[in-house]
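For reference, the structure discussed in these notes is given below.
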Amino acid sequence: MRGAFAAAFPEKRISIHSTDGARHLRLTTAAQALAALAVLATTGWLAMAAADRAVGLIAAAPDAGQTLVLEQAYRDRLNGLTEERDLRAAEALSAQNRFQTAMEQIGRQQTSLLRAIEERRELATALDLMRGRLGQAVKQRDDVAAANDGLLDRMNAVSASLSAAASGEDLTETLQAVTGALAEAVEARDGAAAERAALAKALAETELELALTTRRQDAMIDELQQAVAASFGPLEGLLARADLDVDSLLATVRRGYSGQGGPLVPVGVSTRSSPDAPATTSRFDSLMIDIDRMNLLRIAIGKVPYAMPVRAAHRFSSNFGYRRDPKGGGRRMHSGVDFAAPRGTPIYATADGVVTSAKSESGYGLTVRVQHEFGFETVYAHQSRLRVEAGQQVSRGDHIGDMGSTGRSTGNHLHYEVHVGGSPVNPMTYVEAAKDVF
Numbered sequence: 001m002r003g004a005f006a007a008a009f010p011e012k013r014i015s016i017h018s019t020d021g022a023r024h025l026r027l028t029t030a031a032q033a034l035a036a037l038a039v040l041a042t043t044g045w046l047a048m049a050a051a052d053r054a055v056g057l058i059a060a061a062p063d064a065g066q067t068l069v070l071e072q073a074y075r076d077r078l079n080g081l082t083e084e085r086d087l088r089a090a091e092a093l094s095a096q097n098r099f100q101t102a103m104e105q106i107g108r109q110q111t112s113l114l115r116a117i118e119e120r121r122e123l124a125t126a127l128d129l130m131r132g133r134l135g136q137a138v139k140q141r142d143d144v145a146a147a148n149d150g151l152l153d154r155m156n157a158v159s160a161s162l163s164a165a166a167s168g169e170d171l172t173e174t175l176q177a178v179t180g181a182l183a184e185a186v187e188a189r190d191g192a193a194a195e196r197a198a199l200a201k202a203l204a205e206t207e208l209e210l211a212l213t214t215r216r217q218d219a220m221i222d223e224l225q226q227a228v229a230a231s232f233g234p235l236e237g238l239l240a241r242a243d244l245d246v247d248s249l250l251a252t253v254r255r256g257y258s259g260q261g262g263p264l265v266p267v268g269v270s271t272r273s274s275p276d277a278p279a280t281t282s283r284f285d286s287l288m289i290d291i292d293r294m295n296l297l298r299i300a301i302g303k304v305p306y307a308m309p310v311r312a313a314h315r316f317s318s319n320f321g322y323r324r325d326p327k328g329g330g331r332r333m334h335s336g337v338d339f340a341a342p343r344g345t346p347i348y349a350t351a352d353g354v355v356t357s358a359k360s361e362s363g364y365g366l367t368v369r370v371q372h373e374f375g376f377e378t379v380y381a382h383q384s385r386l387r388v389e390a391g392q393q394v395s396r397g398d399h400i401g402d403m404g405s406t407g408r409s410t411g412n413h414l415h416y417e418v419h420v421g422g423s424p425v426n427p428m429t430y431v432e433a434a435k436d437v438f
């Protein structure tokens, strides 16, 4: 063994000459063998590392393919959710239009009901007048009958008192006068009877018309009561789902819509021919109270930011809450929600209010701020163009700006915020609450 090593690695002597003299380096067989082993070990380690890396790349190839499949599935799922959200938004807009149409129909029915009540009041007044005229005709008939009886008595008295000496000519004249007066009385009596019959017929027709009007009015009240009852639940539930005090909101709205006036006109409605009229009037009063409450609910809902600020096709790109900052910088609080769509997409006010600011803001870019009642404020940021000015009154659905990417933004989108009492809240709380109503 030692002979083999000695033959493979013979001892060597290396001489290094310089001006200072010569130096000699001796390489023994053992030293050469160790050096060769070190080189061989290093080469083997490099070969093993390269092979391991190659095996790792080969093994990772299927994982990369699987990652691509997962990414594609995620994109497909995201596109599906976007399409579903757009469909829900379209359904919400259609429901809102149907709700508005129903409110307009209720308004028309209310007008028709008021007109029917006025017609009934006029019929009742006419009925009272006819009753008065009929009473006068009856009195005239009785007066004529009494006059007839008086004439007959006078004629009998005259006939009895005529003396035997009275001339035939005087008797004839007296009888003719009495007979003429009696004929006139009979004619007047017959005329009064005919007028009384005509008035009785007109009275019966008026009473029938009044009964039919009352029946139609009751049917209209029933229809309106059903419509109002069907609207109450969703409207009150909408406010309740957003954790809003319904009675407090309605009291605030009522204070702002409390104007009254007009001439004092006493209401006189006869009920002698319609025993159900008091009940109908009571139902009408109750209905008017319900309609008033429904109108207050409608006004209150118009002042709460329930609507969507973007109606066109869009992507919900960021939710409310903590998230990874898209510009870098770790996790940060995102105080609104983001809707991504092409540049210039219209942006709409989500509730009635007053524009308090319409200008460029640091980080937010071109921004519109709208102050609403009940302590609400909405913010619409990163716009490309503003279409309102500070101090301007806006209503829900008004076009207030166009989508853009101004300020601290990575692309075209709307950053939408809702503040209550100065603190940001999740805007989707209100949008989701209204999706089953509008």
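Per the numbering used here, residue 1 is the first one in the sequence shown, and the count goes up by one each step. By construction, the Cβ of each residue, glycine as well, lies at the ideal position given by its N, Cα and C atoms. Every value quoted in this text rests on a predicted model; they were computed, and no experiment measured them.
Which whole-angstrom value describes the C-beta separation of D402 and S384, a residue pair presumed to lie in contact below a C-beta threshold of 8 angstroms?
Sure, about 5 angstroms apart at Cβ, within 8 angstroms.
Do the CB positions of V394 and V388 come within less than 8 angstroms of each other?
yes
Along the chain, where does the alpha helix (DSSP H) containing V431 start, and where does it finish?
428–434
Tell me the DSSP secondary structure of R387 in three-state form.
coil
Do the CB positions of F284 and I106 come within less than 8 angstroms of each other?
The answer is no: Cβ separation not under 8 angstroms.
Going by DSSP, what residue range makes up the beta strand (DSSP E) through V337?
Where V337 is concerned, the enclosing beta strand (DSSP E) stretches over 337–340.
Between which two residues does the alpha helix (DSSP H) holding L249 run?
246–256
I believe K414 touches F339 by the beta-carbon criterion, under 8 angstroms. Please report the beta-carbon distance rounded to the nearest angstrom.
Note that residue 414 is Leu in the sequence shown, not Lys. The pair is a contact, with the Cβ atoms about 5 angstroms apart (cut-off 8 angstroms).
Once the 5 residues before and after N426 are set aside, which same chain residues still bring their CB inside 7 angstroms of it?
F320
I believe L244 touches A434 by the beta-carbon criterion, under 8 angstroms. Please report the beta-carbon distance rounded to the nearest angstrom.
Not really, about 12 angstroms apart at Cβ, beyond 8 angstroms.
With burial defined as no fewer than 16 other Cβ atoms inside 10 Å of the residue's Cβ, what is the status of N79: buried or exposed?
exposed
Looking at the strands, I want to know which residues DSSP matches up with E361.
G365
In this structure, does DSSP put R121 in helix, strand or coil?
helix
Residue range of the beta strand (DSSP E) that A402 falls in?
At residue 402 the sequence reads Asp, which differs from the Ala that was named. Taken as a continuous stretch (DSSP letters only), the beta strand (DSSP E) holding D402 covers 399–403.
Would you kindly work out how many angstroms separate the C-alpha atoms of A194 and L296, rounded to a whole number?
Their Cα atoms are separated by approximately 57 angstroms.
Here's a check: name, in chain order, each residue in its chain whose Cβ is nearer than 8 angstroms to the Cβ of A341, leaving out the five neighbours to either side.
V310, A312, A313, H314, R315, M403, N412, H413, L414
Under three-state DSSP, which class holds T321?
The residue you asked about is not Thr; residue 321 is Gly in the sequence shown. Correct three-state label for G321: strand.
Does DSSP put A219 in a helix, a strand or coil?
helix
What did DSSP end up calling P447 once you bin it into helix, strand or coil?
Any question about residue 447 goes unanswered here, given that the chain covers just 1 to 438.
Look at the Cβ atom of A300, then the Cβ atom of L249, and state whether they are nearer than 8 angstroms.
Contact flag set, yes.
In the DSSP assignment, what residue or residues form a beta bridge with R315?
A340
By Cβ distance, which residues of its chain are closer than 6 angstroms to R369, with the 5 residues on each side in sequence left out?
T356, S357, V379
Which same chain residues end up closer than 7 angstroms to T429 when comparing Cβ atoms and leaving out the 5 residues on each side of it in sequence?
A242
Using DSSP with H/G/I as helix, E/B as strand and the rest coil, what is S423?
strand
What number of angstroms, rounded off, separates the C-alpha of R323 from the C-alpha of M333?
6 angstroms
Using DSSP with H/G/I as helix, E/B as strand and the rest coil, what is V418?
strand
Can you tell me where the beta strand (DSSP E) with R408 in it begins and where it stops?
It is not in any beta strand (DSSP E) - R408 carries neither H nor E in the DSSP assignment.
In the DSSP assignment, what residue or residues form a beta bridge with V354?
Q371, Q393
With C-beta atoms as the reference, is S409 less than 8 angstroms away from G365?
yes
Could you tell me which residues DSSP puts in a beta bridge with V379?
R369, E417
Identify which residue in P234, R254, Q226 has its Cα closest to the Cα of L287.
Q226
Please report the straight-line C-alpha distance between V391 and G353, rounded to a whole angstrom.
A small fix is needed here, since residue 391 is Gly in this sequence, not Val. Distance between the alpha carbons of G391 and G353: 10 angstroms.
Between E84, A197, R396, A47, which has its C-alpha nearest Y348's C-alpha?
R396
Nearest to R215 by CA position, among S405, L40, E119, is which residue?
Of the candidates S405, L40, E119, the one whose C-alpha sits nearest the C-alpha of R215 is E119.
Going by the CB atoms, is the gap between L113 and Q217 shorter than 8 angstroms?
It is a contact, given that the beta carbons lie within the stated cut-off.
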